[in-house]
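K.L.:
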Amino acid sequence: AQKITQTQPGMFVQEKEAVTLDCTYDTSDQSYGLFWYKQPSSGEMIFLIYQGSYDEQNATEGRYSLNFQKARKSANLVISASQLGDSAMYFCAMRERETSGSRLTFGEGTQLTVNP
Amino acid sequence: DAGVIQSPRHEVTEMGQEVTLRCKPISGHDYLFWYRQTMMRGLELLIYFNNNVPIDDSGMPEDRFSAKMPNASFSTLKIQPSEPRDSAVYFCASSADGTGGETQYFGPGTRLLVL
Numbered sequence: 508a509q510k511i512t513q514t515q516p517g518m519f520v521q522e523k524e525a526v527t528l529d530c531t532y533d534t535s536d537q538s539y540g541l542f543w544y545k546q547p548s549s550g551e552m553i554f555l556i557y558q559g560s561y562d563e564q565n566a567t568e569g570r571y572s573l574n575f576q577k578a579r580k581s582a583n584l585v586i587s588a589s590q591l592g593d594s595a596m597y598f599c600a601m602r603e604r605e606t607s608g609s610r611l612t613f614g615e616g617t618q619l620t621v622n623p
Numbered sequence: 024d025a026g027v028i029q030s031p032r033h034e035v036t037e038m039g040q041e042v043t044l045r046c047k048p049i050s051g052h053d054y055l056f057w058y059r060q061t062m063m064r065g066l067e068l069l070i071y072f073n074n075n076v077p078i079d080d081s082g083m084p085e086d087r088f089s090a091k092m093p094n095a096s097f098s099t100l101k102i103q104p105s106e107p108r109d110s111a112v113y114f115c116a117s118s119a120d121g122t123g124g125e126t127q128y129f130g131p132g133t134r135l136l137v138l
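Chains as they are written, first to last, in my numbering: chain A, 508 to 623; chain B, 24 to 138.
(1) CB-CB under 7 Å to S30(B), same chain, minus the five flanking residues each way: which ones, in chain order?
(2) Does the structure place the region 67-87 of chain B close enough to the region 572-591 of chain A that three or more beta carbon pairs sit under 8 Å?
(3) Using a threshold of 8 Å, state whether the C-beta atoms of T612(A) and M601(A) are closer than that.
(4) Pop quiz: Q127(B) and A116(B) are said to be a contact at Cβ under 8 Å. What is the actual Cβ separation, rounded to whole angstroms?
(5) Cβ closer than 7 Å: which chain B residues qualify as neighbours of M637(A)?
(6) Which value, in whole angstroms, describes the spacing of the CA atoms of E37(B) and R108(B)?
(7) If the cut is a Cβ gap below 8 Å, which residues of chain A does G133(B) touch?
(8) Tell me whether the beta-carbon of Q546(A) lies closer than 8 Å to the beta-carbon of E615(A).
(9) Run down chain B in chain order and give the residues with a C-beta less than 8 Å from the C-beta of G569(A).
(10) Count the other CB atoms within 10 Å of the CB of S98(B); is the residue buried (16 or more) or exposed (fewer)?
(11) Pick from H52(B), E125(B), E41(B), A95(B): whose alpha carbon is nearest that of L138(B)?
(12) Just reading off the beta strand (DSSP E) that P77(B) is part of, what are its end residues?
(13) T126(B) versus chain A: which residues are under 8 Å apart at the beta carbon?
(14) Tell me the DSSP bridge mates of S89(B)?
(15) Consider the Cβ of S609(A): report whether some Cβ of chain B lies at a distance smaller than 8 Å.
(16) Strictly by DSSP, which residues pair up with H33(B)?
(17) Between which two residues does the beta strand (DSSP E) harbouring T612(A) extend?
(18) To the nearest angstrom, how far is it from the Cα of S589(A) to the Cα of R87(B)?
(19) Would G65(B) count as contacting chain A if we go by Cβ distances under 8 Å?
(20) In angstroms, rounded to a whole number, what distance separates the CA positions of G559(A) and K523(A)?
(21) Near N73(B), what residues of its chain come up, given a Cβ to Cβ distance below 7 Å and the 5 sequence neighbours on each side ignored?
(22) Beta-carbon of F613(A) versus every beta-carbon of chain B: anything under 8 Å?
(23) Tell me where the beta strand (DSSP E) around I70(B) begins and ends.
(24) What is the residue span of the beta strand (DSSP E) that K577(A) lies within?
(25) Give me whichever residues DSSP pairs with N622(A) in a beta bridge.
See the structure below:
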């Protein structure tokens, strides 16, 4: 079974609108961390946001927020007020401390295109 | 503050040649990771170190790949001999510790093309 599933290969959004990128995960660990990274066309991997499994509040970082639903095992990324520079590939990743130590497992990514 | 530094940024080589990729982690980070990214396999972890000691090398594809971390500020990933299927982007990442945010910060990557 896939550890991290991103079901949207591609997403389109109009500039200034909000967009949600889906991520579901599979783990039996009680303690784990969820991450989102952005990879623009230039290729670098940029850390966006982190959510710990014991965090009671959803993480927020500027225009990014993580909609964490533990019972559903989902960790969706919400980008508010989309900008043209948000066009990129977005990866969801998970660290399972008990099972995998410091290893991160990545999803296949979602290509986001922001239209003017 | 300097981020993770990788060199070279691009490498083109011929099949059978030795390739050495280099990485300097963020100062003070205890963990160092080597990833490979391809269209077919996505992002996959090759190996990671904690305090210069290899912890998990289960992702290293075969004996042609080796990684070392002689000190806290330098690591190498070597492919010998290289093959066309090794063509990929190789990322190095580092993190402060294994608890809390444990965020991994990535270098710019090395784009390797083996002809």
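All residues carry an ideal CB built from backbone N, CA and C; glycine is no exception.
P.N.:
With the given structure in hand:
(1) Setting aside the 5 residues that flank it on each side, S30(B) is surrounded in the same chain by R45, each with a C-beta closer than 7 Å to its C-beta; the list follows chain order.
(2) no
(3) Between T612(A) and M601(A), the C-beta gap is smaller than 8 Å, which places the two residues in contact.
(4) 4 Å
(5) There is no way to answer for residue 637(A), as the model of chain A reaches only from 508 to 623.
(6) When rounded, the distance between both Cα atoms is 12 Å.
(7) Sequence check: residue 133(B) is Thr here, not Gly. Result: empty, since nearest Cβ-Cβ is about 10 Å, beyond 8 Å.
(8) no
(9) Those within 8 Å of G569(A) in chain B number zero; the least Cβ separation is about 16 Å.
(10) S98(B) is buried by the Cβ-count criterion.
(11) E41(B)
(12) 76-79
(13) Within chain A, the residues F542, F554, Y557 have their CB atoms less than 8 Å from the CB of T126(B), given in chain order.
(14) K101(B)
(15) Yes, S609(A) lies at the interface with chain B (some Cβ there is under 8 Å from its Cβ).
(16) R134(B)
(17) First-last of the beta strand (DSSP E) with T612(A): 611-613.
(18) When rounded, the distance between both Cα atoms is 44 Å.
(19) yes
(20) 29 Å
(21) D53, Y54
(22) yes
(23) 65-73
(24) Membership of K577(A) in any beta strand (DSSP E) is not indicated, and neither H nor E is assigned to it by DSSP.
(25) Q521(A)
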